[in-house]
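Let me begin by presenting the structure, written as structure tokens, before commenting on it.
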Amino acid sequence: MPVTINGSGSVTGVSADSLSTGLQHITTRSFTGVSSLSVNGCFTSAFENYLCVVNYTRSTTGGNVTLRMRAGGVDTSSGVYDYGFYYIYYGGGGSAATVAAAQTSTTFSGLQGSGAIGVTMSILKPQLAQRTQIGYTFVGEDNSALRNTATGGSTIVDTVQYDGFTLTSSTATITGTLRVYGYMNGVAS
Amino acid sequence: MADVIEIDAATGIVVERDFTAEELAQREADIAAADAAATVAAEQAAADAAARAALLERLGISEDEARLLLGGA
Numbered sequence: 003m004p005v006t007i008n009g010s011g012s013v014t015g016v017s018a019d020s021l022s023t024g025l026q027h028i029t030t031r032s033f034t035g036v037s038s039l040s041v042n043g044c045f046t047s048a049f050e051n052y053l054c055v056v057n058y059t060r061s062t063t064g065g066n067v068t069l070r071m072r073a074g075g076v077d078t079s080s081g082v083y084d085y086g087f088y089y090i091y092y093g094g095g096g097s098a099a100t101v102a103a104a105q106t107s108t109t110f111s112g113l114q115g116s117g118a119i120g121v122t123m124s125i126l127k128p129q130l131a132q133r134t135q136i137g138y139t140f141v142g143e144d145n146s147a148l149r150n151t152a153t154g155g156s157t158i159v160d161t162v163q164y165d166g167f168t169l170t171s172s173t174a175t176i177t178g179t180l181r182v183y184g185y186m187n188g189v190a191s
Numbered sequence: 031m032a033d034v035i036e037i038d039a040a041t042g043i044v045v046e047r048d049f050t051a052e053e054l055a056q057r058e059a060d061i062a063a064a065d066a067a068a069t070v071a072a073e074q075a076a077a078d079a080a081a082r083a084a085l086l087e088r089l090g091i092s093e094d095e096a097r098l099l100l101g102g103a
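So the sequences go chain by chain: A and B.
Taking this note's numbering, I'd label the letters of the first sequence as residues 3 to 191.
Taking this note's numbering, I'd label the letters of the second sequence as residues 31 to 103.
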């Protein structure tokens with residue numbers, strides 16, 4: 003069926019499902035030369051799952067980027083973060099896995115260069131009173147400018163209903179753009 | 031330049047500020063923990079490399095030969 007937009011701006015020929023699936027934009031912000039980036043109020047009851055895309059550069063090499071979940075404007079810094087990731091060098095070098103449990107943050111290491119870094123994170127069910135899960139992929143460079151990618155996951159082992167998160171760079175300042183979207187669930191058939 | 035940018039997605043308000051005392055203390059603890067972990071990892075890597083070199087010497091083969099033997103690239 004052809005899609006038709008009539009004079010009043012309403013659309014016909016589009017299924018309810020196609021209008022209720024995909025991503026809904028929540029926020030986009032640029033940041034310059036900061037050590038820490040906090041987003042409040044981006045996770046609400048409107049969506050179960052979220053996509054977060056961050057593109058940034060680092061002012062210097064070394065250090066790590068960590069993520070903490072946030073509720074009511076306060077980071078959770080207790081030992082509730084379990085994570086594991088696998089990073090692969092494709093600019094030279096090999097690969098390695100890292101796992102850690104009961105940490106005070108989720109740490110993304112191996113991406114310590116000063117070049118461009120791209121991050122996509124799916125943050126699952128942060129607003130529900132159950133464990134939040136995060137799946138992520140980072141692409142960037144290590145502190146020797148060897149290009150690599152890291153893919154992994156994290157479970158926040160608590161039942162806090164989170165409404166935001168914080169990314170912190172331990173050594174470098176970061177400059178870039180953050181975008182958050184909500185996954186629309188579609189119409190159940 | 032501010033340490034922190036805090037974005038309120040609901041209102042669009044953006045606050046640029048320095049670390050609070052609590053955040054600064056947490057940051058210093060994070061850096062100390064990361065440094066300690068890096069030291070442990072470096073020590074472990076050095077110990078592994080020394081053990082590997084000693085084993086290769088005992089076997090009388092090179093690292094390339096060991097990799098070939100184990101099917102690595």
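All C-beta atoms, glycine included, are put in the ideal place defined by N, C-alpha and C.
May I ask you to verify whether the segment 23-38 of chain A touches the segment 97-116 of chain A, counting CB pairs closer than 8 Å and requiring at least 3? No: the two stretches stay apart, fewer than three of their Cβ pairs being nearer than 8 Å.
Can you list, in chain order, the residues of the segment 60-90 of chain B whose Cβ is nearer than 7 Å to any Cβ on chain A? So the list reads D60, I61 and A64, given in the order they occur along the chain.
Whole angstroms are fine: how far does the CA of T30(A) sit from the CA of A40(B)? Position 10 of the second sequence holds residue 40(B). Position 28 of the first sequence holds residue 30(A). A40(B) and T30(A) have their C-alpha atoms some 12 Å from each other.
Option nearest G75(A) by Cα separation, candidates T6(A), G166(A) and T177(A): By one-based count along the first sequence, residue 75(A) stands at place 73. Cα-wise, what sits closest to G75(A) is G166(A).
With 16 other CB atoms within 10 Å as the buried threshold, where does Q74(B) fall? Taking the second sequence and counting its residues from 1, the one referred to as residue 74(B) is at position 44. Sixteen is the threshold: since fewer than 16 other Cβ atoms of the shown chains lie within 10 Å of the Cβ of Q74(B), the residue is exposed.
So which residues of chain A does E36(B) contact, with C-beta pairs closer than 7 Å? Position 6 of the second sequence, counted from the first residue, corresponds to residue 36(B). Within chain A, the residues whose beta carbon sits less than 7 Å from that of E36(B) are S40 and N42, listed in sequence order.
Within chain A, the residues that A40(B) reaches when beta carbons sit closer than 7 Å: Looking up residue 40(B) in the second sequence gives position 10. In chain order: G43.
Output yes if chain B places a C-beta closer than 8 Å to the C-beta of F110(A); else output no. Here the question's residue 110(A) lines up with position 108 in the first sequence. Contact with chain B is absent for F110(A), since none of that chain's Cβ atoms lies less than 8 Å from the residue's Cβ.
Round the Cβ separation of T134(A) and T153(A) to the nearest angstrom and send it over; I've been treating them as touching at under 8 Å. Translated into the one-based positions of the first sequence, residue 134(A) becomes position 132. Translated into the one-based positions of the first sequence, residue 153(A) becomes position 151. Approximately 18 Å separates the beta-carbon atoms of T134(A) and T153(A); this is outside 8 Å, ruling out the contact.
Spatially closest choice to G65(A) from V82(A), S12(A), D144(A) and N8(A), by CA coordinates: Sequence index remark: in the first sequence, residue 65(A) carries index 63 (1-based). The closest CA to that of G65(A), considering only V82(A), S12(A), D144(A) and N8(A), is found on D144(A).
Per-residue DSSP class, three states only, for D65(B): Residue numbering aside, residue 65(B) sits at position 35 when the second sequence is read from its first letter. DSSP, read as helix, strand or coil, puts D65(B) in helix.
Neighbour-count burial assignment, G142(A), 16 or more Cβ in a 10 Å radius: In the first sequence, the residue the question calls residue 142(A) occupies position 140. Burial call: buried.
Rounded straight-line distance, which links the Cα of R88(B) to that of I176(A): The residue given as residue 176(A) occupies position 174 in the first sequence. The residue given as residue 88(B) occupies position 58 in the second sequence. I176(A) and R88(B): Cα-Cα distance of roughly 48 Å.
Considering only their Cβ atoms, is the gap separating L69(A) from T122(A) smaller than 8 Å? Looking up residue 122(A) in the first sequence gives position 120. Looking up residue 69(A) in the first sequence gives position 67. One thing to note: T122(A) has its Cβ no nearer than 8 Å to the Cβ of L69(A).
Going by beta carbon distance, what residues of the same chain come within less than 6 Å of P128(A), once the five residues before and after it are set aside? Working through the first sequence from its first residue, we reach residue 128(A) at position 126. Its chain contains F45, T134 and Y164 as the residues whose beta carbon lies nearer than 6 Å to that of P128(A), once the 5 sequence neighbours on both sides are disregarded; these appear in chain order.
From T14(A), S32(A), L39(A) and S12(A), pick the residue whose C-alpha is nearest to that of D48(B); which is it? Position 18 of the second sequence, counting from 1, holds the residue named residue 48(B). For the residues T14(A), S32(A), L39(A) and S12(A), the minimum Cα distance to D48(B) belongs to L39(A).
For a contact meaning CB atoms closer than 9 Å, what does G35(A) contact in chain B? Position 33 of the first sequence, counted from the first residue, corresponds to residue 35(A). Ordered by position in chain B, the residues that pass the 9 Å Cβ test against G35(A) are M31 and A32.
Does the separation of the CB atoms of T170(A) and S37(A) fall below 8 Å? Counting from one through the first sequence, the residue named residue 170(A) turns up at place 168. Counting from one through the first sequence, the residue named residue 37(A) turns up at place 35. Taking the C-beta atoms as reference points, S37(A) is found nearer than 8 Å to T170(A).
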